[in-house]
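This report concerns only the one structure given below.
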Amino acid sequence: MRAIILAAGMGTRLRPLTDNIPKSLVKVLGEPMAERQIKFLREKGIDDIIVVTGYLSEKFEYLKEKYGVKLIHNDKYDLYNNVYTMYLVRDYLADAYVTEADVYMVRNYFEESPKTSTYFSGIKEDFLKEWKVKFDENNKVYTLEVGPGTDYIMSGVSYWSKEDGALIKKQLEKVIGGGNFDNVYWDDVVSEIMTKLNVYINKIDSNDWFEIDSLEDLKKAEEYLQGNKLV
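Going by UniProt numbering, the first residue of the sequence shown is number 1, and it counts up by one from there.
Structure (structure tokens):
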């Protein structure tokens, strides 16, 4: 098993913090988000970790010596959405976690041995636009929807089995090979073939994670963590 951490984004909404540091290395109460994920993965025995970089890629170099991670650079990070990032690591998708590095994990909800492909998902309230995870009475995911509401949404952490990873790889190659993917996200690629996949939801608490997209998000996360004495 391995993990792929997506850390290519520019984080423009976090400026001026991201003027000289990548979004995923922004600190939440003194700890870079990507480092926290790496530590949590290693706690669960997952040491084969790939970090896909883009913006300010040189800032990630220290992670190789500190944690032994592998760095893969996306030189088109400013041209395409994360679908191209995932295309670059398509050969590593089978039996792998995929995480978005701008997610601050409050607790370590990685599993040592997931049995099936999994979306780690919790309820968030009154959002304007999120990826909603729709599942049946057996917790099997049957589709993804984008929109507003109060619902189970992606936490930015997923796991993909060998079988599903191979199917997603083929679909990524099809999408990139066809061109015109400027406005495509990697979640769109998965959604297109969801009926062929065997994906389940792992329900986590709504405060188990915070996505840090803006200065306001960072402030809210730190206030919650300090108020609940979680750090």
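Built from N, CA and C at the ideal position, the CB exists for glycine as well.
Since this is a predicted model, take the numbers as computed values, not measurements.
State the DSSP-derived secondary structure class of residue i, mapped to helix, strand or coil.
i	result
S155	strand
R90	helix
K115	coil
I168	helix
L14	helix
D19	helix
I129	A small correction: the amino acid at residue 129 is Lys; Ile does not occupy that position in the sequence shown. In this structure, K129 counts as strand in the three-state DSSP scheme.
Rounded to whole angstroms, what's the CA-CA distance from residue i to residue j? Just pull it up for me.
i	j	result
Y67	K140	35 Å
T12	L63	23 Å
L56	L128	30 Å
G9	D213	11 Å
L79	L17	22 Å
residue 273	D75	In the structure as shown, the chain starts at 1 and stops at 231, and residue 273 therefore has no counterpart that could be examined.
L225	E31	13 Å
A96	Y109	15 Å
P22	K39	18 Å
W131	V157	12 Å
D182	R15	24 Å
E71	A166	Residue identity differs from the one stated: residue 71 is Leu in this sequence, not Glu. Their backbone Cα atoms lie some 22 Å apart in a straight line.
N82	E111	24 Å
V103	K219	14 Å
M194	H73	28 Å
Y152	K203	8 Å
Y142	D136	7 Å
N207	M1	27 Å
Compare the beta carbon distance of residue i and residue j with 9 Å and say whether it is the shorter of the two.
i	j	result
V133	M154	yes
L197	S121	no
R36	M105	yes
L29	A3	no
L6	V98	yes
E51	L88	According to the sequence as given, residue 51 is Val; it is not Glu. Taking 9 Å as the Cβ cut-off, V51 and L88 do not qualify as a contacting pair.
L93	K44	no
E211	E125	no
V190	L144	yes
Could you spell out where the alpha helix (DSSP H) holding residue i opens and where it closes?
i	result
L71	From DSSP, L71 is part of no alpha helix (DSSP H) but of the beta strand (DSSP E) over K70 to H73.
E216	L215 to G227
D182	That residue, D182, is in no alpha helix (DSSP H); it is neither H nor E in DSSP.
V189	W186 to E192
Could you pull the start and end residues of the beta strand (DSSP E) that residue i belongs to?
i	result
R2	R2 to A7
E100	A96 to E100
M105	V103 to M105
I38	Segment M33 to E43 is the alpha helix (DSSP H) holding I38; no beta strand (DSSP E) there.
V52	I49 to T53
G61	Per the sequence shown, residue 61 should be read as Glu rather than Gly. Looking at the DSSP string, E61 is not in any beta strand (DSSP E), and its letter there is neither H nor E.
F210	W209 to E211
Where DSSP assigns a beta bridge to residue i, which residues make up the other side?
i	result
S121	M154 and K203
T143	K134
K27	P32
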